[in-house]
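**Q** All residue numbers for the sequence shown refer to our numbering, where the first residue is 547 and numbers rise by one.
By construction, the Cβ of each residue, glycine as well, lies at the ideal position given by its N, Cα and C atoms.
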Amino acid sequence: MKPSSARAVDFRRVERAALLLHFDGGWATRILDGDVLGLTGAEKAMLRAVDRRAFRADPERAARAAAVIVAELPVAIAVAGVPRLLSFFRADAFVDVIVGRAPLVVGAADFLDSAPARIEGAVGRARRRRHVDVGDIVVAPHVAAALVPDGALAQWTAARQSLGDDAVAAIGAGRRIAWPAFDDAEAAGVLVTGDAANPAVGPCTAALARLLHRLEDGVDLAAFRAVACAEGCDDDAEADALLADLVADGLLRRG
């Protein structure tokens, strides 16, 4: 039995393709002639049948999304520049946002992949994290960590203060920040705690940052022990003691 035409079309994929086109018309060739979003022939035919003018890029849509990103990644954008931010909407990384694999701000931070983007991206992840039953052991809500060069946190703190209370306006007026070169991109850790409205950003060890990052999707006890031992615990007993401490400190939760 041949599949029906309805089954040949996933309207969510078609909708996502249309959304990409509204952000940047350059997606047209990549979507209709390539494998972006994995559209079927029927889905591509549906898009080709629509007047292209209906899919013209909407500058205001990208501007609104950019403003949201600047508000949460101010130092990262002041360092990278607005043109670099706008290139995100033409990058493969933006597809992850469109299909729901990453929130807009987190996707942009991963795309920029600088020390300030990692710090501010961790704040963004912490703000959006909710308690979900994804494993026996998982990072607690409103907690996140990042790996950065030694000295980057202090540099970021000073840079953020220099932008003032209205960082969006400062960046919109052309404000840029020079970022120094650091030797080791993952020498230190940054820990975000607190709540969504008032996140606290402070230092932590690189080992703790790596551990928390690897636990974001949730793991069982055996996997936790393996990760903990890889980060310095001598045996399962020491890993279990570490787990108890991290739960008591509010950094991890057990299902």
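In three-state DSSP terms, what is T575?
**A** In this structure, T575 counts as helix in the three-state DSSP scheme.
**Q** If you run the structure through DSSP and keep just helix, strand and coil, what is L619?
**A** L619: coil per DSSP, three-state reduction.
**Q** Do G710 and A719 have their C-beta atoms closer together than 7 Å?
**A** No. Outside cutoff.
**Q** Could you spell out where the beta strand (DSSP E) holding C750 opens and where it closes?
**A** Element bounds for C750: 745-750.
**Q** Just the C-alpha distance for I615 and A608, rounded to the nearest angstrom, thanks.
**A** Using only the alpha carbons, I get a separation of about 11 Å.
**Q** Can you tell which of L754, D766, E762, V793 has the C-alpha that lies nearest to the C-alpha of A776?
**A** Comparing Cα-Cα distances from A776 to each of L754, D766, E762, V793, the minimum goes to L754.
**Q** So, does the region 616-636 touch the region 661-673, judging by three or more C-beta pairs under 8 Å?
**A** Cβ pair count under 8 Å is three or more, so yes.
**Q** Is there contact here, the region 624-636 with the region 581-589, by at least three beta-carbon pairs under 8 Å?
**A** Result no; under three Cβ-Cβ pairs closer than 8 Å.
**Q** Can you grab the Cα-Cα spacing for the pair A552 / M592, in whole Å?
**A** Summary for A552: the model assigns pLDDT 46, below 50, so the residue's position carries little reliability, and this model does not support an answer.
**Q** Would you give the residue range spanned by the alpha helix (DSSP H) that L822 belongs to?
**A** The displayed coordinates of the chain run from 547 to 801. Any statement about residue 822 would go beyond what the structure contains.
**Q** Would a C-beta distance cut-off of 7 Å place G572 and R673 closer than the cut-off?
**A** Not closer than 7 Å, so no.
**Q** Taking the beta carbon of A563 as the centre, do at least 16 other beta carbons fall within 10 Å, making it buried, or is it exposed?
**A** By the neighbour-count rule (16 or more Cβ atoms within 10 Å), A563 is buried.
**Q** Can you give the Cα-Cα distance for G740 and H688, rounded to whole angstroms?
**A** Rounded to whole angstroms, G740 to H688 spans 6 Å at the Cα level.
**Q** Counting along the chain, where does the beta strand (DSSP E) carrying R799 start and finish?
**A** Where R799 is concerned, the enclosing beta strand (DSSP E) stretches over 798-800.
**Q** Quick check: what's the CA-CA separation for F804 versus D780?
**A** The structure shown has nothing for residue 804, since the chain only spans 547 to 801.
**Q** Would you mind sorting Q701 into buried or exposed? The rule is 16 or more other CB atoms within 10 Å of its CB.
**A** So Q701 counts as buried.
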